[in-house]
Structures are given as C-alpha cells and as structure tokens.
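These notes concern the structure reproduced below.
In our numbering, the protein residues as written are 4 to 110.
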C-alpha cells in the first residue's frame with residue numbers, strides 16, 4: 004500500500020484476523036464470512052483515505068489507516084492498524100472492515 008508516497012506493508016495477523024471474523028459474523032457488517040478469503044484482493048484495489056480518527060487504546064495499537072473499497076456495490080472501509088510488538092517493532096495489519104468512518108473524510 005502507498006500512503007503519501009511511502010510504502011506501507013500490510014500483513015494478516017491472528018489478532019487482526021480474529022477481529023475481521025467478528026466483523027464478518029456481525030449482522031450489520033459490510034462483509035460476510037465468504038468475503039474473508041478475498042481480503043487481500045480488496046486491500047490491493049482499495050484507495051487510501053485520510054481520516055483523523057484517534058482515541059486512546061489499551062491494546063498496543065498506535066494508529067489506523069483507512070482504505071476505501073467497493074464491496075458488492077457498497078462503499079466499505081478497510082481499517083489497517085499499526086501496533087507496537089513486545090520487542091518494540093511495529094507491525095501493520097488488516098484489522099477491521101466498516102461501512103463508514105467515524106470521522107469526516109479529509110481527502
């Protein structure tokens with residue numbers, strides 16, 4: 004993924020996949036469990052959306068990046084998280100899919 008000229012490597016982690024699965028089984032979610040195997044393809048065709056949405060967290064996540072994608076004719080947002088791992092390194096992974104952003108899109 005490219006954000007403002009910088010390359011962001013997005014991985015799939017157990018932590019993120021568990022959250023994605025929860026999204027998929029939630030009734031109001033834009034994704035279903037049948038969409039999960041295609042998440043890498045959706046991420047590859049998505050477009051970065053700048054969004055200032057920050058809140059204090061207690062799970063090590065330090066920031067989110069949002070990517071807009073069309074899914075079954077509706078707009079969905081892929082939430083990519085960055086968090087600090089045990090030894091201080093940063094991991095970036097697909098965390099969630101939502102139907103809208105909590106904050107206003109800025110570009």
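We treat Cβ as the ideally placed atom computed from N, Cα and C, and that holds for glycine.
In this text, all values refer to a predicted model and were calculated from it rather than measured experimentally.
**Study point:** DSSP three-state assignment for residue 46, whether helix, strand or coil
**Key:** helix
Review point. For the putative contact between residue 32 and residue 100, defined by C-beta atoms under 8 Å, what is the C-beta separation to the nearest angstrom?
Key: 7 Å
Check your understanding: Which term fits residue 60, buried or exposed, when burial requires 16 or more other beta carbons within 10 angstroms of its beta carbon?
Key -> exposed
Review point. CA-CA distance, residue 86 and residue 93?
Key: Distance from the CA of residue 86 to the CA of residue 93, rounded to the nearest whole angstrom, comes to 6 Å.
Practice item. Would you list the one or two residues that DSSP bridges to residue 14? Key: 96
Point to revise | Rounded Cβ spacing between residue 74 and residue 10 (contact assumed at less than 8 Å) | key: The Cβ separation is near 24 Å, so there is no contact.
Review point. Out of curiosity, what's the CA-to-CA distance linking residue 44 and residue 53?
Key: 21 Å
Practice item. For the beta strand (DSSP E) holding residue 84, just list the boundary residues, first then last. Key: 77-87
Practice item. Below 8 Å CB to CB, which residues in the same chain sit around residue 50 once its five sequence neighbours on both sides are set aside? Key: 70, 71 and 72
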